[in-house]
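Numbering (UniProt numbering), first residue to last: 1 to 285.
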């Protein structure tokens, strides 16, 4: 009888142990109930979103999955957050339909713009529209997306405009022109004469062939800072001649021709008709 009891006791203990191993002890069940997911758990099922964030997440790289996705289905039926949950306080964040431009929230700045878009851009890029309105040009009437069809893309000027000369690069264009006020031509001291000569060929050719000291100067030395600025001779040379001479000859060009072709006395001054050669005396018969 003792042997039978012993066998029964061993069997019951074995079943109890098996149940504990399968179901867990009350302590282990509580531990499982309070266990929290970590970031590495998300990637076990959702491989693409973390990869997107790692490659082009911008500011989203600084947060975790749980900062946006507070729950998980089926317990949480609304586990896709609204952008306004984090983004607020700026005019741009008040725009409707965020996903119209930010199609993938895990790569928020990879934006491809389709259609004619301007107003949404201006909520961030206010300086550009100020320049376009103040310095009117054909660019003023374009949509932002006409040139910037991808967010952050700066198109080459030659995408729409013929270059001034064959070798001209985008960097050369930017020496004189700003895209949002292209007709307000302002340049620095580094602009070479060949850039000016692309439009002002006659002036540069005359200057290159000149024997006067002006030949050694850059165009931008005299025409400083702003396009079409024409300096007076006195700004460099002062008043080199006596007052009676200056009174008799009203402009420097009366004697010195033009700045690009100085001291060509055989040529008529600018605006003056060429003088006819003196007639030869006829011999009397």
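Even for Gly, the Cβ is constructed at its ideal location relative to N, Cα and C. If you're wondering where the values come from, they're calculated on a predicted model, not measured in any experiment.
Through-space distance from residue j to residue i, alpha-carbon basis
i           : j           : result
residue 94  : residue 122 : 13 Å
residue 79  : residue 178 : 46 Å
residue 225 : residue 46  : 57 Å
residue 135 : residue 184 : 7 Å
residue 233 : residue 245 : 16 Å
residue 174 : residue 141 : 21 Å
residue 39  : residue 97  : 29 Å
residue 75  : residue 59  : 28 Å
residue 42  : residue 85  : 21 Å
residue 54  : residue 65  : 12 Å
residue 129 : residue 118 : 9 Å
residue 172 : residue 116 : 29 Å
residue 147 : residue 158 : 12 Å
residue 131 : residue 212 : 41 Å
residue 197 : residue 203 : 7 Å
Residue from the options with nearest C-alpha to residue i
i           : options              : result
residue 139 : 83, 206, 82 and 181  : 181
residue 120 : 91, 201 and 76       : 91
residue 201 : 130, 43, 219 and 214 : 219
residue 263 : 214, 155 and 247     : 214
residue 89  : 154, 190, 65 and 124 : 124
Assigned exposure category for residue i - 16 Cβ within 10 Å defines buried
i           : result
residue 161 : exposed
residue 250 : exposed
residue 61  : exposed
residue 240 : exposed
residue 152 : exposed
residue 57  : buried
residue 237 : exposed
residue 242 : exposed
residue 126 : exposed
residue 259 : buried
residue 231 : exposed
residue 252 : buried
residue 216 : exposed
residue 235 : exposed
Beta carbon of residue i nearer than 9 Å to that of residue j
i           : j           : result
residue 207 : residue 254 : no
residue 104 : residue 52  : yes
residue 83  : residue 69  : no
residue 195 : residue 221 : no
residue 144 : residue 109 : no
residue 186 : residue 227 : yes
residue 87  : residue 37  : no
residue 48  : residue 106 : yes
Chain C within 9 Å of residue i, Cβ atoms only
i           : result
residue 193 : This model lacks chain C altogether, as it is built from one protein chain only.
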